[in-house]
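Asker: Next up is a structure, given as structure tokens.
In full-length UniProt numbering, the protein residues as written are 1 to 700.
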């Protein structure tokens, strides 16, 4: 660098040192940069004309200030990179992260701080730490709040996205600068899958898990008031959030047939035909019909106990002693819709409909209550809910309803011992012929009872009674539905799956219902696998060519509706981009679950190996003990055998002596038999079968 006094002339030819404009004869030009310099103001001037011709200015010739950088030794760096690449235990992503840390010059203390920060972010469960970097908004750099996913596969907070779009003329992505569809720029949709995943991850944090457990409010039947009541937790006034009052009868909720006096400890009357209550909640307290919203009470594997006629379906026909009842289902009740008059799909014999069909096959009595809401019936009460006795289902079938979809139909015929509330008779029902049903000509899936009904008329007694034992209850009278639900919830909490498995379930494709592979997020905020979404529109062109009368008309764009909503996603399908952030989260969760399962399996294998080793040691010890005992017994046997041999030798010598002295009169045989006793006793001691020692004298 030039000194402070060595400065060239400026663009106007004025010397920057003396502030005067020198003459051309006093100007010296640098051969390198061709900058003009004032000769009089230079500290070192050329001595000769040759030096002036080859003169270089101080800026081009003064290299003293240039600091030579020490040579970088790449040997250690290359060796470290090669060691990272040769490590088989690392994934490609981990190798790239190690290389980046190595090239950035991160120290061990920095790594420890990052690891500690990551562990603090993860907490005990380690789930929120997975989302830390992958689900951060690229604008505010915080965890996503009300996440919005662009068609190019990037995620932003809703407020950040709207602020970014409002500041731009061209609606482009904040990361890749790709154009965002105008409709999405106007009305961005929140990605509900990411919302649920972040919510579940936050719920698994220690500050959420530690603390008082959630209490489920349960009130025993004897502690309940006589009427339906609302608690402090009720959100709405009236009986919209009311709790059931005390159950006055002692029957379980799956009890069949009329409720007699033995089940009514309060009044000792039972539930009488024609008894009326203010609403369905009060009707529930007397057991006539337990569900306070559903029209069918029953179980698909046990049968139906009661139904309510409240004008729910326009296909119902009420003729008093018999009526045609329409099953449940076929209506879209998703979201917060409790009622919907429109039929959107066919009814099937499942759940409550199957319970009614089972009662039809078995001939069970079904309690019937009529509500004042049934405006088309002449037999409905003026106010409240009325119990009208028991009916029997004679037939059931399916037929097209008034809205065009198939509905399940049931023929109910009254079979009660008490007269109906609308008749002047003082006697109950008698068996009557079945009515003629014209719609049976177009019926499908017809079911008729082929065996003796469980509830039938007894001619001898002159009344309706059970022909076989009453179906046993699967519930106890004191075991209410709320208590069962609380038990199920507690059981579900104890046996629930891991939080990571639940998170993976949230990242499921809306077509194949499996964990997404190469996830795509549509502009309408629905998530699919790339293969599933492209396969749903396989063979469909984006543009449809039109011709008329031999002339080619303007091409028409094909409308491709999202599989989950009616929005058009044809522009998105031309070049769908994978949501990489979502894919990285899914892969990380899957890898961690595999590691946990492998560790658990190794731990189980270790326990099994330890038990096998202990059993082997025990068996080896027992084997050694057995071998030692066998050796001792063998020694005893050898000793006893030696004794036997000595005794046999002695006997033989005695026999030799006696042979010469004793005449052949039988005495020799007696002496021989007396001498044999020690041999047999020795064999008995050794545990061997007795044998007879025959000496030389015995050969004769």
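Beta carbons: idealized from backbone N, C-alpha and C, even for Gly.
Would you say residue 428 reaches chain D, if we count a Cβ-Cβ gap shorter than 8 Å as a contact?
Answerer: Note that chain D does not occur in the displayed structure, where there is just one protein chain.
Asker: So the alpha helix (DSSP H) residue 99 belongs to, where does it begin and stop?
Answerer: From DSSP, the alpha helix (DSSP H) with residue 99 extends over 92-104.
Asker: Which one of 309, 166, 169, 152 has the shortest CA to CA distance from residue 738?
Answerer: Outside the shown range of the chain (1 to 700) lies residue 738, about which nothing can therefore be said.
Asker: Starting from residue 164, follow its DSSP beta bridges and name the residues at the other end.
Answerer: Residue 164 is not bridged to any residue.
Asker: Going straight from the alpha carbon of residue 588 to that of residue 147, what length do you get?
Answerer: Roughly 20 Å between the two C-alpha positions.
Asker: Expressed to the nearest angstrom, what Euclidean distance is found between the alpha-carbon atoms of residue 315 and residue 323?
Answerer: The alpha-carbon atoms of residue 315 and residue 323 are separated by roughly 11 Å.
Asker: Could you spell out where the alpha helix (DSSP H) holding residue 359 opens and where it closes?
Answerer: Its alpha helix (DSSP H) spans residues 352-362.
Asker: Hey, quick one: how far does the beta strand (DSSP E) through residue 409 stretch, first residue to last?
Answerer: Where residue 409 is concerned, the enclosing beta strand (DSSP E) stretches over 406-414.
Asker: Per DSSP, what are the beta-bridge partners of residue 299 in this structure?
Answerer: Paired residue(s): 303.
Asker: Measure how close the beta-carbons of residue 470 and residue 256 come, nearest whole angstrom, since I'm counting them as under 8 Å.
Answerer: Their Cβ separation, rounded to whole angstroms, is 6 Å, which keeps residue 470 and residue 256 in contact under 8 Å.
Asker: Determine the extent of the alpha helix (DSSP H) in which residue 501 is found, giving its start and end residues.
Answerer: Here the alpha helix (DSSP H) through residue 501 covers 499-506.
Asker: Starting from residue 183, trace the alpha helix (DSSP H) in both directions and tell me its first and last residue.
Answerer: Start and end: 182-186.
Asker: Which first and last residues belong to the beta strand (DSSP E) in which residue 328 is found?
Answerer: Taken as a continuous stretch (DSSP letters only), residue 328 belongs to no beta strand (DSSP E), as it is neither H nor E.
Asker: Enumerate in chain order the residues of its own chain whose CB-to-CB distance from residue 14 is below 8 Å, with the five nearest sequence positions on each side excluded.
Answerer: Hits under 8 Å: 20, 21.
Asker: Counting C-beta neighbours from all protein chains within 10 Å, is the total for residue 345 16 or more, i.e. buried, or is it exposed?
Answerer: Classification for residue 345: exposed.
Asker: DSSP three-state call for residue 143: helix, strand or coil?
Answerer: Note: residue 143 maps to strand in three-state DSSP.
Asker: Give the single residue among 134, 166, 195, 197 whose Cα lies nearest to the Cα of residue 187.
Answerer: The residue with the shortest Cα to Cα distance from residue 187 is 166.
Asker: Name the DSSP bridge partner or partners of residue 579?
Answerer: Beta-bridge pairing links residue 579 to no other residue.
Asker: Is residue 76 helix, strand or coil when you go by DSSP?
Answerer: It is helical.
Asker: Just verifying my parser: in three-state terms, what is the DSSP assignment at residue 242?
Answerer: Residue state, collapsed to three classes: coil.
Asker: With DSSP as the reference, label residue 268 as helix, strand or coil.
Answerer: Reduced to three states, the DSSP call for residue 268 is coil.
Asker: Nearest-angstrom Cα distance between residue 577 and residue 191?
Answerer: About 16 Å.
Asker: Comparing C-alpha positions only, which one of 145, 177, 543, 247 sits nearest to residue 574?
Answerer: It is 543.
Asker: Would the segment 369-380 count as touching the segment 252-269 if we require 3 or more Cβ pairs under 8 Å?
Answerer: Short answer: they don't touch.
Asker: Among 18, 193, 9, which has the Cα closest to the Cα of residue 521?
Answerer: The candidate whose alpha carbon is nearest that of residue 521 is 193.
Asker: Cutting at 7 Å between CB atoms, please list the residues of its own chain near residue 602, excluding the five before and the five after it.
Answerer: If we look at residue 602 and ignore the five residues flanking it on each side, it has no Cβ neighbours.
Asker: Expressed to the nearest angstrom, what Euclidean distance is found between the alpha-carbon atoms of residue 451 and residue 394?
Answerer: Roughly 12 Å separates the two Cα atoms.
Asker: Given this structure, state the Cα-to-Cα distance separating residue 707 from residue 513, to the nearest angstrom.
Answerer: Absent from the model: residue 707. The displayed extent of the chain is 1 to 700, so no value can be given.
Asker: What is the rounded straight-line gap between the Cα of residue 537 and the Cα of residue 570?
Answerer: If you take the alpha carbons of residue 537 and residue 570, they lie about 10 Å apart.
Asker: Around the Cβ of residue 422, are there at least 16 other Cβ atoms within 10 angstroms (buried) or fewer (exposed)?
Answerer: By the 10 Å Cβ count, residue 422 comes out exposed.
Asker: What residues in its chain sit with their C-beta under 7 Å from that of residue 254, if we drop five residues either side in the sequence?
Answerer: Correct list, in chain order: 299, 302, 305, 473, 474, 475.
Asker: Taking 8 Å as the threshold, find out whether the segment 413-427 comes into contact with the segment 437-444 through three or more Cβ pairs.
Answerer: The segment 413-427 vs the segment 437-444: no contact.
Asker: Would you say the beta carbon of residue 230 is closer than 7 Å to some non-hydrogen atom of the ligand ATP?
Answerer: Ligands displayed in this structure: none; no statement on the ligand ATP is therefore possible.
Asker: At the level of alpha carbons, what is the spacing between residue 381 and residue 370?
Answerer: If I take the Cα positions, the gap works out to 7 Å.
Asker: Reducing DSSP to helix, strand and coil, say where residue 585 ends up.
Answerer: Of the three classes helix, strand and coil, the one that applies to residue 585 here is helix, per DSSP.
Asker: Can you grab the Cα-Cα spacing for the pair residue 398 / residue 566, in whole Å?
Answerer: In a straight line, the C-alpha of residue 398 is about 31 Å away from that of residue 566.
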